[in-house]
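These notes concern the structure reproduced below.
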Amino acid sequence: MHSGTIDVSSLAGSLDLQATLESGQSYLWRREDGRMYEDGEQTGGEAWYVTVVRPDESGEARLDAGEPAVVRVRQRGGLLEWESTVDAEAVVRSLLRLDDDLPAIRAATPPDSLIDAAYERYWGMRLVRDPPFGALISFICSAQMRVSRIHDMQVALAEAFGDTVDFDGRSYHAFPTPVQLAAASEAELRDLGLGYRAPYVQRSAEMVASGEAHPAEARDLSYEDAREYLTQFVGVGEKVADCVLLFSLDFLEAVPLDTWIRKTIAEYYPDCDRGNYADTSRAIRERLGGEYAGYAQTYVFHHLRNGGDD
DNA sequence: TAGATACCTTATAG
DNA sequence: ACTATAAGGTATC
Numbered sequence: 001m002h003s004g005t006i007d008v009s010s011l012a013g014s015l016d017l018q019a020t021l022e023s024g025q026s027y028l029w030r031r032e033d034g035r036m037y038e039d040g041e042q043t044g045g046e047a048w049y050v051t052v053v054r055p056d057e058s059g060e061a062r063l064d065a066g067e068p069a070v071v072r073v074r075q076r077g078g079l080l081e082w083e084s085t086v087d088a089e090a091v092v093r094s095l096l097r098l099d100d101d102l103p104a105i106r107a108a109t110p111p112d113s114l115i116d117a118a119y120e121r122y123w124g125m126r127l128v129r130d131p132p133f134g135a136l137i138s139f140i141c142s143a144q145m146r147v148s149r150i151h152d153m154q155v156a157l158a159e160a161f162g163d164t165v166d167f168d169g170r171s172y173h174a175f176p177t178p179v180q181l182a183a184a185s186e187a188e189l190r191d192l193g194l195g196y197r198a199p200y201v202q203r204s205a206e207m208v209a210s211g212e213a214h215p216a217e218a219r220d221l222s223y224e225d226a227r228e229y230l231t232q233f234v235g236v237g238e239k240v241a242d243c244v245l246l247f248s249l250d251f252l253e254a255v256p257l258d259t260w261i262r263k264t265i266a267e268y269y270p271d272c273d274r275g276n277y278a279d280t281s282r283a284i285r286e287r288l289g290g291e292y293a294g295y296a297q298t299y300v301f302h303h304l305r306n307g308g309d310d
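Heads up: the first sequence at position 95 corresponds to 95 in the UniProt record's numbering, and the numbers run straight through without jumps.
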């Protein structure tokens, strides 16, 4: 057992672990008490959250290659405790973007009462940096799906097709590798409740497994080229592509235009509605401050989804 | 190229 | 109890 603590009170901006992991950004963590997404606001204060990743030599968390490592974290006030099968401090810092300078990011956002309310309510929430393959598959699954069910689907995929890893007297399931998921049949995936997403997941996993394409390849491209690159995967349109760019590939300017943000645009920023995804995306990205527009988007999404404009 | 429609499954509203 | 509706959309025509 490796373990350690990170003093989050000394980070640039603090940390709200529950908001970070239960705001619909990542579907690759579980709560040890099994109450992920149950209560929305209250009960996750000191809960352990666990994930299984495959860190490479540089400490980057992947899912497509390497040995699986269990990593769990919990926040107690100004301390973030972690325990793992490996030395995981660098992985934790990367997965939770602990090096993001929240005050600087917020300062770069234009004054706006809705954004301010969201930032104040959830101050300390960070974007996540999910492993690219897991982000790709989980957001393919997200189409027309409730947040809690998207999460349940990823748990089901891991339990059905992923490797088992023992840690601290329990066994955990890694997210399936591209090869493991490509070997699943459409019928098996439908049995897990994926519905029409089943063939999308299988075929996109096959594209990665065969080497035809890899979501991480999009990192080297400009933002809009990267979004275009990702849409070659089956089940990936512009919105899902933006989610992968924002929550995995470090494109903090990406603003996924989902049903919540479209509603927000209609109500608060009607002049940004340009009738199509690409142009509306540019307009709202500018309105939310450009470089870190995705941060503002994520705060506003979480705020409104929890009844922020009541 | 822009617009309409079908699509799996489940939880919630009425 | 029972039906309609919506859920972090995409593929296809």
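Virtual Cβ for every residue (Gly too), placed ideally from N, Cα, C.
Legend entry - Own chain partners of glutamine 180 with C-beta closer than 6 Å, once the 5 adjacent residues on each side are dropped: Taking the first residue of the first sequence as 1, we reach residue 180 at position 180. The residues are Phe161.
Legend entry - glycine 195 to glutamine 18 span [Cα, whole Å]: The count along the first sequence starts at 1 and reaches residue 195 at position 195. The count along the first sequence starts at 1 and reaches residue 18 at position 18. When rounded, the distance between both Cα atoms is 29 Å.
Inset, instruction - Within 10 angstroms of the Cβ of serine 24, are there 16 or more other Cβ atoms? Answer buried if so, exposed if not. - result: In the first sequence, the residue the question calls residue 24 occupies position 24. Here residue 24 is glycine; the residue named in the question, serine, does not match the sequence. Classification of glycine 24: buried, given that the 10 Å Cβ count is 16 or more.
Inset, instruction - Excluding the 5 residues preceding and the 5 following proline 215 in the sequence, name in chain order all residues of the same chain whose CB lies nearer than 8 Å to its CB. - result: Position 215 of the first sequence, counting from 1, holds the residue named residue 215. Cβ neighbours of proline 215 within its own chain (closer than 8 Å, five residues either side excluded): Pro132, Phe133, Ala135, Leu136, Val208, Leu230, Phe233, Val244, Ser248 and Leu249.
Legend entry - Contained alpha helix (DSSP H) runs [length at least 4] in the region 39-127, N- to C-terminal order: DSSP runs (the alpha helix (DSSP H)) wholly in the region 39-127: 89-95, 102-107 and 113-121.
Legend entry - arginine 126 versus threonine 20: straight-line alpha-carbon distance, rounded: Locating residue 126 in the first sequence gives position 126, counting from the first residue. Locating residue 20 in the first sequence gives position 20, counting from the first residue. The alpha-carbon atoms of arginine 126 and threonine 20 are separated by roughly 5 Å.
Inset, instruction - Taking the CB atoms as reference points, tell me whether glycine 290 and alanine 296 lie closer together than 8 Å. - result: As a first step, residue 290 must be located in the first sequence, where it is residue number 290. As a first step, residue 296 must be located in the first sequence, where it is residue number 296. Cβ distance not < 8 Å, so glycine 290 and alanine 296 don't count as in contact.
Legend entry - Entirely enclosed alpha helix (DSSP H) segments - the region 201-251, minimum 4 residues: Here the runs fully enclosed are 223-230 and 238-247.
Inset, instruction - Ignore the nearest five residues each way along the sequence and tell me which others in serine 26's own chain have a CB closer than 6 Å to its CB. - result: For the purposes of this step, residue 26 is taken as residue 26 along the first sequence, with counting starting at 1. Correct list, in chain order: Val128 and Asp130.
Inset, instruction - Could you round the C-beta distance between tyrosine 122 and histidine 2 to whole angstroms and report it? I think they count as a contact, below 8 Å. - result: What you label residue 122 is simply residue 122 of the first sequence in a count that begins at 1. What you label residue 2 is simply residue 2 of the first sequence in a count that begins at 1. Between histidine 2 and tyrosine 122 the Cβ distance is about 30 Å, and since that is not below 8 Å, they are no contact.
Inset, instruction - Give me whichever residues DSSP pairs with arginine 30 in a beta bridge. - result: In the first sequence, counting from the first residue as 1, residue 30 sits at position 30. Val50, per the DSSP bridge assignment.
Legend entry - C-alpha gap between histidine 225 and isoleucine 140, whole angstroms: Indexing the first sequence from 1 puts residue 225 at position 225. Indexing the first sequence from 1 puts residue 140 at position 140. One detail in the question is off: residue 225 reads as aspartate in this sequence, not histidine. One Cα belongs to aspartate 225, the other to isoleucine 140, and the distance between them is close to 19 Å.
Legend entry - Local Cβ density within 10 Å of glutamate 217, reported as buried at 16 or more and exposed below that: Reading the first sequence from its first residue, position 217 is the one you call residue 217. When all chains shown are included, glutamate 217 counts as exposed.
Legend entry - Cutoff 6 Å; reference glutamate 81; Cβ partners in own chain excluding five residues on either side: Looking up residue 81 in the first sequence gives position 81. Excluding residues within five positions, the ones whose Cβ falls inside 6 Å are Thr5 and Arg74.
Inset, instruction - Measure the alpha-carbon distance for aspartate 271 versus alanine 88 and round it to whole angstroms. - result: Numbered from its first residue, the first sequence carries residue 271 at position 271. Numbered from its first residue, the first sequence carries residue 88 at position 88. Looking at the two C-alpha atoms, the distance is approximately 46 Å.
Inset, instruction - Could you check what DSSP says for phenylalanine 167 in three-state terms: helix, strand or coil? - result: Here residue 167 corresponds to residue number 167 of the first sequence, with the count starting at 1. Assigned with DSSP and collapsed to three states, phenylalanine 167 falls in strand.
Legend entry - alanine 104 beta carbon less than 8 Å from that of alanine 254: Stepping through the first sequence from its first residue, residue 254 is reached at position 254. Stepping through the first sequence from its first residue, residue 104 is reached at position 104. No, they are not a contact pair.
Legend entry - Through-space distance from glycine 169 to serine 58, alpha-carbon basis: Residue numbering aside, residue 58 sits at position 58 when the first sequence is read from its first letter. Residue numbering aside, residue 169 sits at position 169 when the first sequence is read from its first letter. Approximately 28 Å, taken between the alpha carbons.
Legend entry - Anticipated Cβ contact below 8 Å, tyrosine 292 with leucine 246, distance rounded: Translated into the one-based positions of the first sequence, residue 292 becomes position 292. Translated into the one-based positions of the first sequence, residue 246 becomes position 246. Distance from tyrosine 292 to leucine 246 at the Cβ level is roughly 11 Å; contact not present, criterion being Cβ atoms closer than 8 Å.
Inset, instruction - Kindly list the residues whose CB is nearer than 8 Å to the CB of isoleucine 115, restricted to its own chain and excluding five residues on each side of it in sequence; keep chain order. - result: For the purposes of this step, residue 115 is taken as residue 115 along the first sequence, with counting starting at 1. Contacts found: Thr109, Leu288, Ala296, Tyr299 and Val300.
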